[in-house]
Amino acid sequence: MSSDTSPPSLNDILGLMVSSDPEGVALVKRAYEFAEIAHSNQVRKSGEPYFIHAVATACNLAELGLDAQTITAGLLHDTIEDADISRAEIELNFGETVRFLVDGVTKLGELKYHGDDRRAESLRKLFLAMAQDIRVLIIKLADRLHNIKTLQHVSSEKQHRIAVETLEIYAPLANRLGMGKLQAELEDGAFLYAEPEDAERTTKLFKQQGKRAEKSLEKVYKSLSSELAKQNINAEVSYRLKHLYSLYKKLKRKEWNIEKVYDVMALRVMASSIEDCYRILGIIHAHWKPLPGRIKDYIAVPKPNGYQSIHTTVFTGDGEIAEIQIRTKEMHDESEFGIAAHLAYKEASKPKSGGRLSKKLQWVQQLIDWQKNFSESREFIENLKLDFFQYRVFTFTPNGDVIELPEDATPIDFAYAVHSELGDRISGAKINGKLASLSTCLKNGDIVEIMTGKNHVPSYKWLDFTKTSQARKKIRSWLSKNRSARF
Ligand code: MN
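Everything in the sequence shown is counted per my numbering, starting at 4 for the first residue and increasing by one.
What follows is the structure, encoded as structure tokens:
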């Protein structure tokens with residue numbers, strides 16, 4: 004992730020490592036020398052030694068705060084596939100865990116598949132490996148980040164393919180891990196190649212609006228800083244810029260009207276305690292009138308990926324509107340580094356059920372169960388994008404449980420996501436307390452109450468507006484089991 008132009012070195016890795024435990028440092032040093040020899044005759048498309056890619060991947064991992072074994076595996080991640088090193092040799096030199104991590108990242112080179120089949124099989128293998136040890140995925144993401152940053156050297160057909168795959172699969176996986184910084188870097192790197200025209204258009208709007216936003220935020224920044232000092236609240240106020248791809252996604256939802264995007268630039272307040280976060284919110288609202296309906300308390304109700312922060316949007320008093328985000332330092336680190344922030348490596352492989360990490364990784368098991376539904380490669384990849392990685396909305400049961408769904412999902416998708424029996428007996432739905440039709444598209448934050456009736460059964464009509472493959476499969480299976488009930 005370093006923006007330095009000179010090739011990364013062993014010292015860069017060591018300098019970025021969180022722990023200087025001598026055993027770990029020695030392991031990384033040995034892997035560095037091993038990989039250097041293994042890749043010695045190979046060059047990348049850029050003409051640089053191939054080894055640089057291994058070192059850059061390891062640097063990314065060290066910067067994300069990963070442990071020595073993961074960094075070691077990062078250095079070795081292409082030695083099986085590209086340098087003919089055997090799995091046994093890696094295990095002998097670096098132990099079983101490192102061998103497992105490297106093997107997990109290695110594609111299924113032996114399979115004589117192409118296109119979708121090969122991609123699908125590689126992904127399935129990656130998912131199975133990361134269910135055992137999530138660090139496999141993080142290495143894959145660190146590897147992809149360096150590849151994205153060096154895309155200028157490959158053919159334009161390959162550029163586009165890798166960039167699209169990064170946006171559709173890998174960036175959403177980083178999001179699932181709560182690794183916001185990595186996600187942003189993957190997205191912005193890929194965006195330029197995947198959608199060059201939209202990227203240019205977004206950049207232009209970003210520059211225009213960014214300048215304007217900075218002006219209007221400056222006053223708020225100054226008076227908020229001095230007010231916090233007056234009230235003896237220890238907090239740091241700074242500017243945060245929306246990253247390009249996230250601005251693009253929002254622009255698309257707002258018909259490219261930048262006036263409707265209030266957070267191109269936002270103020271970020273870093274407080275020292277949760278209590279202070281709420282005090283600061285009070286101070287802000289006492290000074291600037293908040294826009295109704297735009298106060299989001301992700302501290303009390305975190306996003307499913309663990310994101311915590313309070314967001315509010317206020318009228319600045321000079322006709323402008325500004326977003327302010329309030330969080331603690333811990334919440335900030337969590338949103339930047341996500342799972343990597345507490346990947347104590349002992350817990351990383353086979354996390355104990357019930358542990359904090361295991362709770363955060365429940366979706367990986369869901370992914371494994373889910374993929375069993377698909378034997379066709381194309382169907383698998385298409386549904387993966389739809390069910391797992393599309394822009395998602397967070398909806399709630401009346402008890403406050405979060406149900407995460409793809410955009411435009413309906414109460415029927417909601418019901419099947421809660422329980423298949425609930426789906427099969429649905430008679431109607433209330434959204435935020437009001438009766439709504441079963442084809443209503445759910446929005447972020449909706450509270451959905453499903454009503455059921457003994458004599459209500461799934462209908463073919465439902466298939467016209469149901470979005471998730473989970474719901475569609477269950478509806479079809481009910482209909483085929485109950486042929487007499489067709490009407
Ligand atoms: Mn690689």
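Beta carbons: idealized from backbone N, C-alpha and C, even for Gly.
Top-ranked residue by Cα proximity to residue i, from the options
i, options, result
"residue 176", "58, 241, 377 and 126", "126"
"residue 330", "283, 160, 476 and 366", "283"
"residue 59", "91, 482, 88 and 17", "17"
"residue 454", "464, 462 and 418", "418"
"residue 430", "22, 407, 157 and 456", "456"
"residue 401", "281, 411 and 451", "451"
"residue 229", "483, 287 and 420", "287"
"residue 403", "306, 482 and 468", "306"
"residue 441", "24, 241, 215 and 432", "432"
"residue 120", "486, 300 and 380", "380"
"residue 29", "328, 70 and 285", "70"
"residue 364", "48, 87, 25 and 137", "137"
"residue 214", "9, 482 and 323", "323"
"residue 170", "158, 159 and 144", "144"
"residue 479", "129, 463 and 444", "463"
"residue 13", "50, 61 and 47", "61"
"residue 43", "88, 9 and 72", "88"
"residue 47", "257, 27, 86 and 15", "86"
Buried/exposed call for residue i, threshold 16 Cβ in 10 Å
i, result
"residue 142", "buried"
"residue 426", "buried"
"residue 190", "buried"
"residue 422", "exposed"
"residue 11", "buried"
"residue 269", "buried"
"residue 173", "buried"
"residue 113", "Below a pLDDT of 50, predicted positions are generally treated as unreliable, and residue 113, at 48, falls in that range; the measurement from the model is reported next regardless. Flag for residue 113 reads exposed."
"residue 166", "buried"
"residue 232", "exposed"
"residue 395", "buried"
"residue 41", "buried"
"residue 289", "exposed"
"residue 216", "buried"
"residue 304", "exposed"
"residue 179", "buried"
Delimiting residues of the beta strand (DSSP E) encompassing residue i
i, result
"residue 314", "313-318"
"residue 3", "Because the chain is modelled from 4 through 490, residue 3 falls outside the range shown and cannot be assessed."
"residue 437", "437-439"
"residue 409", "405-409"
"residue 328", "324-331"
"residue 265", "Segment: none, residue 265 is in no beta strand (DSSP E) and carries neither H nor E."
"residue 534", "Nothing can be reported for residue 534: it is not among the residues displayed for the chain, which extend from 4 to 490."
"residue 454", "451-455"
"residue 395", "395-399"
Proximal residues to residue i (C-beta, below 8 Å), its chain only, five neighbours per side dropped
i, result
"residue 202", "194, 195, 247 and 251"
"residue 337", "181, 309, 310, 311 and 344"
"residue 319", "219, 220, 222, 223, 291 and 325"
"residue 68", "21, 340, 343, 344 and 346"
"residue 261", "208, 211, 212, 254 and 267"
"residue 449", "396, 398, 399, 434 and 435"
Closer than 6 Å: residue i CB and nearest ligand 3 heavy atom
i, result
"residue 81", "For the structure depicted, ligand 3 is absent and the ligand set comprises only ligand 1."
Beta-carbon contacts of residue i that lie in its chain and below 6 Å, excluding the five residues immediately before and after
i, result
"residue 20", "65"
"residue 184", "339"
"residue 383", "123 and 377"
"residue 293", "315 and 317"
"residue 348", "Because residue 348 carries a pLDDT of 46, less than 50, the predicted location of this residue cannot be relied on, and the following value inherits that uncertainty. Only 70 meet the Cβ criterion."
"residue 154", "162 and 196"
"residue 470", "409, 411, 412 and 416"
"residue 271", "241, 243 and 328"
"residue 186", "174, 177 and 178"
Closer than 7 Å to chain C by CB, residue i
i, result
"residue 307", "The structure shown contains no chain C; it holds only a single protein chain."
Rounded Cβ spacing between residue i and residue j (contact assumed at less than 8 Å)
i, j, result
"residue 208", "residue 254", "7 Å"
"residue 192", "residue 151", "4 Å"
"residue 104", "residue 139", "6 Å"
"residue 486", "residue 459", "At roughly 18 Å, the Cβ-Cβ gap does not stay under 8 Å, so residue 486 and residue 459 are not in contact."
Chain-order list of residues whose beta-carbon lies under 7 Å from that of residue i (same chain, five-residue window excluded)
i, result
"residue 109", "83 and 84"
"residue 38", "54, 57, 78, 79 and 82"
"residue 75", "30, 31, 34, 97 and 101"
"residue 446", "396"
Residue interval of the alpha helix (DSSP H) (run including residue i)
i, result
"residue 430", "Where residue 430 is concerned, there is no enclosing alpha helix (DSSP H), although the beta strand (DSSP E) it sits in stretches over 429-434."
"residue 39", "25-41"
"residue 387", "380-387"
"residue 93", "90-97"
"residue 125", "118-135"
"residue 458", "Run containing residue 458: none; DSSP gives neither H nor E here."
"residue 366", "365-374"
"residue 481", "472-484"
"residue 167", "159-168"
"residue 138", "138-152"
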